[in-house]
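Working notes for the structure below.
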Amino acid sequence: KGEQCAILTYKKLLDKVRSGDDPITYNMVRKIMEEEVEHENDLEAIQEDLGMTKG
8 KGEQCAILTY KKLLDKVRSG DDPITYNMVR KIMEEEVEHE NDLEAIQEDL
58 GMTKG
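Position one of the sequence shown corresponds to residue 8 (the working numbering), numbered consecutively onward.
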């Protein structure tokens with residue numbers, strides 16, 4: 008859940024900086040968001056391995 012919150016926050020931030028004239032900030036936020044998505048995928052895989060997923 009923490010990763011999902013972080014991803015949503017970075018998506019909102021990307022929307023704000025996308026229209027601006029600051030490609031460095033945009034690329035930095037995009038990279039951080041990509042890492043958060045990877046973390047979420049890793050955590051989901053661990054939960055699956057441990058049989059902790061719902062459903």
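Note that the Cβ used here is the ideal one computed from N, Cα and C, for glycine as well.
Please classify E43: is it buried, with 16 or more other beta-carbons within 10 angstroms of its beta-carbon, or exposed?
-> With 16 or more Cβ atoms within 10 Å of its Cβ, E43 is classed as buried.
By DSSP, does D28 sit in helix, in strand, or in coil?
-> The three-state reading of DSSP puts D28 in coil, since its state is none of H, G, I, E or B.
State yes or no: is the C-beta of G57 within less than 8 Å of the C-beta of V36?
-> A small correction: the amino acid at residue 57 is Leu; Gly does not occupy that position in the sequence shown. Not in contact: L57 and V36 (Cβ atoms no closer than 8 Å).
Same chain only: Cβ atoms within 8 Å of E47, ignoring 5 sequence neighbours per side | Once the five neighbours on either side are set aside, the close Cβ partners of E47 are E10, Q11 and I14.
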